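Participant: The structure that follows is given in the form of structure tokens.
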Amino acid sequence: MSASGASTGEEEAAVLPEDAELRWRAFDAWTTARLFAATLEGDLDDDAPWEAVTKLQVRGTSDVLDLALQYCESPDPKARARGLDVLAQIGAKNRSPESFSFTIRVDTAICRLADADPNVVQSAAWALAHLGGTRATTALAKLLNH
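Shown next as structure tokens:
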């Protein structure tokens with residue numbers, strides 16, 4: 006399924022190997038779109054989709070950032086949650102408040118705190134907790150008082 010909710014052939018072919026080590030190695034050859042499709046497989050707490058999330062975070066390229074932001078705007082709440090999960094720690098080494106990607110990631114997560122879906126709100130809160138900074142902390146504090 007794409008971020009817009011439409012299914013594509015490439016994403017339908019994203020069959021995950023059962024063995025975690027084989028999956029991790031296979032992910033290296035997968036496109037960013039295929040990895041994102043893998044994040045939508047199964048339940049939100051399943052291991053294989055989380056491994057795809059982690060691989061995307063480690064990859065940390067601009068196309069990963071762009072697709073994560075697109076997923077955050079999807080009509081599908083699971084895709085929105087996964088987009089936020091990726092944004093939470095993409096390029097974990099670059100947490101500088103001066104970084105454009107840092108600012109847009111915080112802005113996106115803050116915006117999704119008002120989402121109608123509780124899983125999306127949870128992913129947004131976790132993203133803010135991982136990102137840190139004054140704006141993220143303030144937004145989380147407001148959520149506690151909501």
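Under our numbering, the first residue of the sequence shown carries the number 6, and numbering increases by one thereafter. For glycine and all other residues, C-beta sits at the position ideal for the given N, C-alpha and C. All values reported here derive from a predicted model rather than from experimental measurement.
(1) Could you give the DSSP three-state label for TRP55: helix, strand or coil?
(2) Assuming ALA73 contacts ILE95 under a Cβ cut-off of 8 angstroms, what Cβ separation, rounded to an integer in Å, is found between them?
(3) Which residue comes first and which comes last in the alpha helix (DSSP H) that contains SER67?
(4) So what does DSSP say about TRP35, is it helix, strand or coil?
(5) Can you find the residues in the same chain that come closer than 6 angstroms, C-beta to C-beta, to SER106, ignoring five residues on each side of it along the sequence?
(6) Out of curiosity, what's the CA-to-CA distance linking ALA25 and LEU145?
(7) Within the same chain, show all residues whose beta-carbon is closer than 7 angstroms to that of ALA86, passing over the 5 residues directly before and after it, in chain order.
(8) Using the Cβ count rule (16 or more neighbours within 10 Å means buried), how would you classify ALA132?
Facilitator: With the given structure in hand:
(1) helix
(2) 7 angstroms
(3) 67 to 77
(4) coil
(5) LEU70
(6) 34 angstroms
(7) LEU49, ASN124, VAL125, SER128
(8) buried
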